[in-house]
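For reference, the structure discussed in these notes is given below.
There are 2 protein chains.
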Amino acid sequence: MGFNLGSVLMGLGMTSDSDQYSVDSVTLFVALLCACIVIGHLLEEHRWMNESITALAIGLGTGVVILLRTRGKSSHILVFSEEIFFIYLLPPIIFNAGFQVKKKKFFRNFMTIILFGAFGTLISFGIISLGAVQLFKKLDIGYLEIGDYLAIGAIFSATDSVCTLQVLNQDETPLLYSLVFGEGVVNDATSIVLFNAIQRFDLSHITSSIALRFVGNLLHLFFTSTLLGVLIGLLCAYIIKKLYMGRHSTDREVALMILMAYLSYMMAELFYLSGILTVFFCGIVMSHYTWHNVTENSRVTTKHAFATMSFVAEIFIFLYVGMDALDIEKWRSVSDSPGTSVGVSSILLGLVMVGRAAFVTIWWAGLMRGAVSMALAYNQFTRSGHTQLRGNAIMITSTITVVLFSTVVFGLMTKPLVRFLLPPPKHSNSMMPSEPSSPKSFTVPLLGNGQDPEADMCGNDTFHPTSLRMLLTTPTNTVHHYWRKFDDAFMRPMFGGRGFVQPVPS
Amino acid sequence: MGFNLGSVLMGLGMTSDSDQYSVDSVTLFVALLCACIVIGHLLEEHRWMNESITALAIGLGTGVVILLRTRGKSSHILVFSEEIFFIYLLPPIIFNAGFQVKKKKFFRNFMTIILFGAFGTLISFGIISLGAVQLFKKLDIGYLEIGDYLAIGAIFSATDSVCTLQVLNQDETPLLYSLVFGEGVVNDATSIVLFNAIQRFDLSHITSSIALRFVGNLLHLFFTSTLLGVLIGLLCAYIIKKLYMGRHSTDREVALMILMAYLSYMMAELFYLSGILTVFFCGIVMSHYTWHNVTENSRVTTKHAFATMSFVAEIFIFLYVGMDALDIEKWRSVSDSPGTSVGVSSILLGLVMVGRAAFVTIWWAGLMRGAVSMALAYNQFTRSGHTQLRGNAIMITSTITVVLFSTVVFGLMTKPLVRFLLPPPKHSNSMMPSEPSSPKSFTVPLLGNGQDPEADMCGNDTFHPTSLRMLLTTPTNTVHHYWRKFDDAFMRPMFGGRGFVQPVPS
Chain Z
1 MGFNLGSVLM GLGMTSDSDQ YSVDSVTLFV ALLCACIVIG HLLEEHRWMN ESITALAIGL
61 GTGVVILLRT RGKSSHILVF SEEIFFIYLL PPIIFNAGFQ VKKKKFFRNF MTIILFGAFG
121 TLISFGIISL GAVQLFKKLD IGYLEIGDYL AIGAIFSATD SVCTLQVLNQ DETPLLYSLV
181 FGEGVVNDAT SIVLFNAIQR FDLSHITSSI ALRFVGNLLH LFFTSTLLGV LIGLLCAYII
241 KKLYMGRHST DREVALMILM AYLSYMMAEL FYLSGILTVF FCGIVMSHYT WHNVTENSRV
301 TTKHAFATMS FVAEIFIFLY VGMDALDIEK WRSVSDSPGT SVGVSSILLG LVMVGRAAFV
361 TIWWAGLMRG AVSMALAYNQ FTRSGHTQLR GNAIMITSTI TVVLFSTVVF GLMTKPLVRF
421 LLPPPKHSNS MMPSEPSSPK SFTVPLLGNG QDPEADMCGN DTFHPTSLRM LLTTPTNTVH
481 HYWRKFDDAF MRPMFGGRGF VQPVPS
Chain Y
1001 MGFNLGSVLM GLGMTSDSDQ YSVDSVTLFV ALLCACIVIG HLLEEHRWMN ESITALAIGL
1061 GTGVVILLRT RGKSSHILVF SEEIFFIYLL PPIIFNAGFQ VKKKKFFRNF MTIILFGAFG
1121 TLISFGIISL GAVQLFKKLD IGYLEIGDYL AIGAIFSATD SVCTLQVLNQ DETPLLYSLV
1181 FGEGVVNDAT SIVLFNAIQR FDLSHITSSI ALRFVGNLLH LFFTSTLLGV LIGLLCAYII
1241 KKLYMGRHST DREVALMILM AYLSYMMAEL FYLSGILTVF FCGIVMSHYT WHNVTENSRV
1301 TTKHAFATMS FVAEIFIFLY VGMDALDIEK WRSVSDSPGT SVGVSSILLG LVMVGRAAFV
1361 TIWWAGLMRG AVSMALAYNQ FTRSGHTQLR GNAIMITSTI TVVLFSTVVF GLMTKPLVRF
1421 LLPPPKHSNS MMPSEPSSPK SFTVPLLGNG QDPEADMCGN DTFHPTSLRM LLTTPTNTVH
1481 HYWRKFDDAF MRPMFGGRGF VQPVPS
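Protein chains in written order, with my numbering: chain Z, 1 to 506; chain Y, 1001 to 1506.
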């Protein structure tokens, strides 16, 4: 007959056999993401679990199943490229961070955050790099270049404060929350910028004048990246305000905000700037101006849509890291000397803790290492897929070990610890989500004094603020005062913002 | 010095030179999408323009600029693969169609829609295929197989009713709107299913028993695909209702709905079913049950987020088609005989109009050919990027011509035509967006009688419905009545739905 019923039935779908592998894996991956959400929700009751650990665990479990089914050939269903991470997964996470940050708190503590985030990361980077150079000599781990050691410093300086933030309550302990949050973002950005600078830098000739220029360039990069993000955010606010976008369709407003946010990131990449800083400040400007110019429906939509995208991207990363941790190829070249690998991992963990302790009072919040560290490590130590060099393999497996250990162990201990250190407030005023008039964070032992900076200056508190915080708070408040004046007089009339009411589409 | 200031500055960004091309093109493409939205908004005032035509025009303009800058080498910045279309762009468009459709109207007119959509497409397919076989013989267009002719029939049976829907008002002419909309979706689905069947089918031996089995398989495919979509939609509704997802986080609800909708599409592809039908019915079930189970914020978010995704995907497609229309390579092999190409395009346009006229009273709404036709044509006639065969080149250029011509010419004429045929209602009751009690669509000349089917049966109207519509309406109403009973008694208690109030997260 020359005709096969089965093949017709098969043929009615759209996929050819060559696509089948990718359709398989995408389907499985999407199903696992759904499972993570449902299981993460069920485990929410158990206060010591969080989404990241759930996703890691499910990823590990799936990895085991795939390992058994493929008889040890492979443990993952999608091959991770750090391009996916930097082009698709990181922008929504960072943009959402900027969009949801409480700007008043963030800018009032700007100096503290920059001090902790940027300079702290540099200190941590120095300690980890130097420590690795000194301590790795005693272990037999193959040849690593000076650039590799510096990269290790940058990789393990990128903290992951997601676990801590999931436990803290923005309304109960606003100061602590904004410090942990802001420090985390600035820290990530600094690590990535440092890492990229190291990768491109000619490390064979380092003199003090070159080092000085390097720092100058770093500052220039920070400034231009921030400026680009602010400009694109303002442009978006101006367009939406001027054209009354919402008049015809709210979807157009939402689409324009998402596309322009993404555009800011891509433009920064195009001009060799730091996309992460650009998109972060674009998020801040969009939430300060653009968001107030759109219709009520668009406001609700953007707020939740951005949070959802960020949420999915985060689960995606942890799920992948869990699956990839079991990749047999990487462990094979390590397995002949398990002691070395354990040694390297322990040294790195120790250095992480020392480096972190050296500069920051909110020590615990930054002990976890997560997705950014993984992505940077892949970038540095796997050139074309998997590495053959022994030193590189050890670095990858050690990164996985540190990420898994710190996320699971430190992550699981975070909730009990925070509960122990921060007793729940007696009367939480949940009707006023932003800027509660009397924050209940007197008892924040990590920070000395958690009260509102303005209250500090009125002198009506019985606790004496530490001199460091006083020093940092006073100029910031002055700047904030003039900024508010400038904002009201020039910026808001031009770009909208809180109080600007968009007419409802008829 | 061995040190270059410029290279350090350049190196601080994340992109290596090899990525640069893709960062370039993505940035430009995102910028063009933004431009389309802004310009589309500005042109909204001119009632004969619409988003599709704007995107096409901007795409054409960009194509010209790129052509001039590359000196005729290339006209597009991204290479279109129909995989992008079928895996990323089509699912949100079709899901949103199912999600936003007015279910009551859709199911009341279910028989009419199926008759117009599915059987009408088959008639159109037959006419265009046979017509092409007969008429193309006289033109010198190189060798085409019988499968190619059948594919041409399927390609040009996929209508694009976006232009028409942009002009019609769902509240003013609900019946006409739901018919045009439903017919468009079913029509697209039928074309794609037909097309895939043709591509896989051994066309050398066609007997009547094989043809019968083929139809049987087609029906089986329709049924199983629909069932899969319904099941996944119900599962999602059940999970969200049972677990009170919104208690902890609204973002989780939104993420789960998006991921499960996408999962339904990918699972259908995995099982060689029709993803387009699955995701359409998943959208219907989700809007009927799931959507009512989530928190108020999630409702607003999902409604607008889905619409936005669909909107961006549509602009993306038209922008690309505009850019690709100028691709010089395709036109080169055609340019030695421009008469043939014009002849083929004219024949196809004529066949499209005849095929459409043969089965459908809402003739105009389905004359436009759009993105689906383009994607199918690329799939059939370009195997590895660009085609060298003359016949294939002619078919691609003719498809582009037909799509451009029908979208621009018919599209521009739609608004004046609709205005002429459908005078605006005198007192539009805009406070009741869904199911207005007295629709003002008496004057719909295309449909004989535009009144509410229930009003028809009460006999209180002076217009006599056509016998065809009466025949189709009565059994559908009976089915609808029993469905409502079943829904209230069994489905709603299980899966939620309208009236189910999710507790607000504390």
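All C-beta atoms, glycine included, are put in the ideal place defined by N, C-alpha and C.
Should residue i go down as buried or exposed, given a rule of 16 or more other Cβ atoms within 10 Å for buried?
i, result
"Q1199 of chain Y", "buried"
"E183 of chain Z", "buried"
"E1145 of chain Y", "exposed"
"D488 of chain Z", "exposed"
"F136 of chain Z", "buried"
"P1092 of chain Y", "buried"
"T1027 of chain Y", "buried"
"P338 of chain Z", "exposed"
"P1439 of chain Y", "Confidence at P1439 of chain Y is low in this model, with a pLDDT of 31, below 50, so the placement of that residue is unreliable and no value is reported for it."
"A1325 of chain Y", "buried"
"Y88 of chain Z", "exposed"
"T1173 of chain Y", "buried"
"V65 of chain Z", "exposed"
"L421 of chain Z", "exposed"
"Y482 of chain Z", "exposed"
"F1116 of chain Y", "buried"
"S1209 of chain Y", "exposed"
"G1343 of chain Y", "buried"
"G1350 of chain Y", "exposed"
Are the CB atoms of residue j and residue i within a distance shorter than 8 Å?
i, j, result
"V1279 of chain Y", "G1229 of chain Y", "yes"
"T407 of chain Z", "G370 of chain Z", "yes"
"Y1244 of chain Y", "F1495 of chain Y", "no"
"F99 of chain Z", "S287 of chain Z", "yes"
"I240 of chain Z", "T290 of chain Z", "yes"
"K1283 of chain Y", "N1096 of chain Y", "Reading off the sequence shown, one finds Gly at residue 1283 of chain Y, where the question assumed Lys. Yes, they are a contact pair."
"V1300 of chain Y", "N217 of chain Z", "no"
"T250 of chain Z", "H1304 of chain Y", "yes"
"G153 of chain Z", "S129 of chain Z", "yes"
"I113 of chain Z", "F106 of chain Z", "yes"
"L348 of chain Z", "V402 of chain Z", "yes"
"A57 of chain Z", "G391 of chain Z", "no"
"F281 of chain Z", "T207 of chain Z", "no"
"D1263 of chain Y", "A31 of chain Z", "The sequence shown places Leu at residue 1263 of chain Y, rather than the Asp named in the question. In contact: L1263 of chain Y and A31 of chain Z (Cβ atoms closer than 8 Å)."
"F1306 of chain Y", "L1033 of chain Y", "no"
"I1039 of chain Y", "T1054 of chain Y", "yes"
"L1376 of chain Y", "A1158 of chain Y", "yes"
"D1024 of chain Y", "L273 of chain Z", "no"
"K242 of chain Z", "S178 of chain Z", "no"
"R1069 of chain Y", "I37 of chain Z", "no"
So what does residue i bridge to, in DSSP terms?
i, result
"T1226 of chain Y", "Paired residues: none, contrary to the question."
Can you give me the Cβ contacts of residue i inside the same chain, cut-off strictly under 6 Å, excluding the 5 residues immediately before and after it?
i, result
"T190 of chain Z", "A118 and T121"
"I1042 of chain Y", "As written in the sequence, residue 1042 of chain Y is Leu, which differs from the Ile given in the question. Taken in chain order, the list of residues that qualify is empty."
"Q380 of chain Z", "A151"
"V1352 of chain Y", "F1156"
"V1372 of chain Y", "A1158 and D1188"
Confirm the yes/no value for this check: CB of residue i, any heavy atom of the ligand SAM, distance under 7 Å.
i, result
"A97 of chain Z", "Ligands in the displayed structure: none, and consequently the ligand SAM is not present."
Can you name, in chain order, every residue of its own chain whose Cβ lies under 8 Å from the Cβ of residue i, other than the five neighbours on each side?
i, result
"L256 of chain Z", "C236, I239, I240 and M245"
Who are the Cβ neighbours of residue i in its own chain at under 7 Å, not counting the five residues just before and after it?
i, result
"S341 of chain Z", "V334, I394, T397 and S398"
Please decide whether residue i counts as near chain A, where near means a Cβ-Cβ distance under 8 Å.
i, result
"D24 of chain Z", "In summary, chain A is missing from the structure at hand, where the protein chains are Z and Y."
Notebook entry, point to check: At which residue ranges does the segment 1232–1275 of chain Y contain complete alpha helix (DSSP H) runs of 4 or more residues, listed in the order of the chain?
Noted result: As summarised for the segment 1232–1275 of chain Y, the continuous alpha helix (DSSP H) elements at least 4 residues long and confined to that stretch are 1250–1270, given in chain order.
Item checked: Any alpha helix (DSSP H) of 4 or more consecutive residues that is wholly inside the segment 292–361 of chain Z -> Within the segment 292–361 of chain Z, the complete alpha helix (DSSP H) runs of at least 4 residues are 296–324, 328–335 and 338–357.
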